[in-house]
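Engineer: Dropping the structure in here first, questions after.
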Amino acid sequence: MSGKYEAVIGLEVHVELNTKSKIFCSCPTEFGKEPNTQVCPVCLGLPGVLPVLNEEAVRKAVQAALALNCEITSYAKFDRKNYFYPDLPKAYQISQYDLPLARNGWIELSGGKRIGIRRVHLEEDAGKLVHQGDITSAAFSFADYNRCGVPLIEIVSEPDIRDPEEARDYLTRLKGILQHIGVSDCRMEEGSLRVDANVSVRPVGSREFGTRTELKNIGSFRAVYRGLSYEIERQSKLLDRGEPVIQETRHWDEQNGVTRSLRGKEEAQDYRYFPEPDLVPLQLDPDWVEEIRRTLPELPEARKARFVREYGLPEYDADVLVSSPPIANFYEECVRLFGEPKTVSNWVMGELFRLLNDSGMEPEELKLRPSELVSLLKMTREGVVSGKIAKDVFEQMFRTGEDPESIVKKHNLVQISDKSALEPLVLQVIAENPKVVDDYKSGKKQAFAFLVGQVMKATKGRANPAVVNELLHKRLD
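Okay, so the sequence shown: first residue is 107 according to the numbering used here, each after it adds one.
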């Protein structure tokens, strides 16, 4: 982005609550069932039906709002948000407009900056269109109404975010909070968490907002980052050329790395909100709300502080580990079984995160068990395998699901610590590298590392480095 402009970003995050039944009927909410098999007259919006509010959906929404530092409103109501779209059979969505469930929350980013949360409100989800081809050029689409009526919360941030990195940090922390309290699995690939981003640019120092565009239903945090980066650059170039930014809804084309226009951006008046006549206003008992507050699970910030206090971890390590509940749980179980909190942290943050990133797998999809990593760490500590071999074994464990003992045995990876087996190799390396030996004897210490590396190479990494060092020193010194 040109140094002349700054971005103004607000995020709207839709989160499916993991209730067993829908928000206004008793249809199940299980993901992946045959299309149009989890529907009834209520969620299909047939004439004459009446919605009945799901108490568990309200409870989970309150849990989320409290965990996000929001104020729970004493009086909330539901409204009809009118728009026609093929995946919305009633042609309106029951949502909340001027009197939402909660307001005025915040999330603190890694650098201490707080991003305000304007509101958290309850609503029902729409169905899903399955496009035949690209969304912008599909010849036709199929409508699956199974998702209609699944309870959602919409979390609307203030326009406090100034760059794509802050947006990614905000989303990562939001997801971690929601997973820690157990109100949603937040699986973006299943549509449990969906992000819309509003973005504009303005001259640095200006107080006025520019014309914003909206990026709809972005499929991953990486796509949010890339989509915002592209859109900020596109708008900056328009302003540089003296051209106006058009207020519109745009689609992020992941394959081509560009945003494309979908339609003009609707405003509140376009939705013709009016109070939902079939639902009474929502007045929550303050004692009930306080009971929910008291029983909230440990939140990421509290867990981070405990990791620092109990395990002696650096704040950075603790912050990274608690960002994902599955990772934090995996880590704690490893520490319980193995001890050595920093050693476990290094493996999780190093090797495990690397493999997750390379594979594109989410932490909640991890099949590797803590006990298997602990077995490998014990084998390394006891000298059964070298540190280098252990990393190779761990990668095979991650990809195949095999236990470390089987992998080591199958591929003959046991570390060689027998001096009588290693000494001939040491003598051979010394004999084959007379110049390097002379360099070492003349004071070039890096020459010693080269000789160690040659022995390791000859044994395909299986030699015990400590024994190799001892034998080389014995012969050279």
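Glycine included, every Cβ here is placed at the ideal spot set by N, Cα and C.
In this structure, what does DSSP give as the bridge partners for Ile324?
Structural biologist: Val301.
Engineer: Going by beta carbon distance, what residues of the same chain come within less than 8 Å of Trp212, once the five residues before and after it are set aside?
Structural biologist: These residues qualify, in order along the chain: Leu174, Asn175, Arg220, Ile221, Gly222, Ile223.
Engineer: What's the gap between the Cα of Pro265 and the Cα of Ala167?
Structural biologist: About 22 Å.
Engineer: Which term fits Met467, buried or exposed, when burial requires 16 or more other beta carbons within 10 angstroms of its beta carbon?
Structural biologist: Met467 comes out exposed.
Engineer: Inspect the beta-carbon positions of Ala182 and Pro206 and report whether they are closer than 8 Å.
Structural biologist: Yes.
Engineer: If you reduce the DSSP assignment to three classes, tell me which class Phe248 lands in.
Structural biologist: Looking at Phe248 - three-state DSSP - the assignment turns out to be strand.
Engineer: Contact check, Arg332 vs Glu354 under 8 Å by CB: the rounded distance?
Structural biologist: With 8 Å as the limit, Arg332 and Glu354 do not qualify as a contact, their Cβ atoms being about 19 Å apart.
Engineer: With three or more C-beta pairs closer than 8 Å as the rule, is the region 298–307 touching the region 336–343?
Structural biologist: Touching, yes, given that three or more Cβ pairs across the two stretches are closer than 8 Å.
Engineer: Quick check on His286: does DSSP put it in helix, strand or coil?
Structural biologist: Three-state result, His286: helix.
Engineer: Identify, in the order they occur along the chain, each residue of the same chain with its Cβ nearer than 6 Å to the Cβ of Met562, setting aside the five sequence neighbours on each side.
Structural biologist: Answer for Met562: Ala569, listed in chain order.
Engineer: Should Trp358 go down as buried or exposed, given a rule of 16 or more other Cβ atoms within 10 Å for buried?
Structural biologist: Classification of Trp358: buried, given that the 10 Å Cβ count is 16 or more.
Engineer: Which ranges would you report for the beta strand (DSSP E) in the region 320–369 if only whole runs of at least 3 residues count?
Structural biologist: If we require 3 residues or more, the beta strand (DSSP E) runs fully inside the region 320–369 come out as 354–359.
Engineer: What would DSSP say about Gln199, mapped onto helix, strand or coil?
Structural biologist: The answer is strand: DSSP assigns Gln199 an E or B state.
Engineer: Which one or two residues does DSSP pair with Ile115 in a beta bridge?
Structural biologist: According to DSSP, which records beta bridges pairwise, Ile115 is partnered with Ile267, Val305.
Engineer: As an exercise, report each continuous alpha helix (DSSP H) stretch of at least 4 residues that is fully enclosed by the region 386–433, in chain order.
Structural biologist: Counting only runs of 4 or more, we get 392–400, 406–417, 421–428.
Engineer: Per DSSP, what kind of secondary structure is His579 in: helix, strand or coil?
Structural biologist: His579: helix per DSSP, three-state reduction.
Engineer: DSSP on Asp544, reduced to helix/strand/coil?
Structural biologist: In this structure, Asp544 counts as helix in the three-state DSSP scheme.
Engineer: Just checking my contact of Gln502 with Ile495 at CB under 8 Å: how many whole Å lie between their CB atoms?
Structural biologist: Not quite, the Cβ-Cβ distance comes to about 11 Å (not below 8 Å), so this is no contact.
Engineer: Would you check if there are 3 or more beta carbon pairs closer than 8 Å linking the region 282–295 to the region 419–434?
Structural biologist: Touching, per the Cβ criterion.
Engineer: Which value, in whole angstroms, describes the spacing of the CA atoms of Ser342 and Tyr111?
Structural biologist: So the two alpha carbons sit approximately 7 Å from each other.
Engineer: Is it right to say Ile115 is buried, meaning 16 or more other beta carbons lie within 10 angstroms of its own, or is it exposed?
Structural biologist: Classification of Ile115: buried, given that the 10 Å Cβ count is 16 or more.
Engineer: Going along the chain, which residues of its own chain have a beta-carbon closer than 6 Å to the beta-carbon of Thr278, five neighbours each way excluded?
Structural biologist: Answer for Thr278: Ser429, listed in chain order.
Engineer: Cβ of Val168 less than 8 Å from any chain C Cβ?
Structural biologist: The chain labelled as chain C is not found in the depicted structure, where only one protein chain is given.
Engineer: Less than 8 Å between C-beta atoms, sequence neighbours within five positions excluded: which residues of the same chain meet that for Thr486?
Structural biologist: Here the set comprises Ser492, Gly493, Ala496.
Engineer: Tell me Gly507's beta-bridge partners as DSSP assigns them.
Structural biologist: Bridge partners of Gly507: none, in fact.
Engineer: Is Leu228 helix, strand or coil when you go by DSSP?
Structural biologist: Looking at Leu228 - three-state DSSP - the assignment turns out to be strand.
Engineer: I believe Leu344 touches Glu122 by the beta-carbon criterion, under 8 Å. Please report the beta-carbon distance rounded to the nearest angstrom.
Structural biologist: In fact, because the Cβ distance is near 36 Å, the residues do not count as touching under 8 Å.
Engineer: Which whole-angstrom value is the C-beta distance of Thr135 and Val256, which I expect to be below 8 Å?
Structural biologist: Right, their Cβ atoms sit about 5 Å apart.
Engineer: Would you mind reading off the limits of the alpha helix (DSSP H) that contains Arg293?
Structural biologist: Note, Arg293: premise wrong, no alpha helix (DSSP H); not H, not E.
Engineer: Using the rule of at least 16 other Cβ atoms within 10 Å of the residue's Cβ for burial, across every protein chain shown, is Val307 buried or exposed?
Structural biologist: Counting Cβ neighbours within 10 Å, Val307 comes out buried, since at least 16 surround it.
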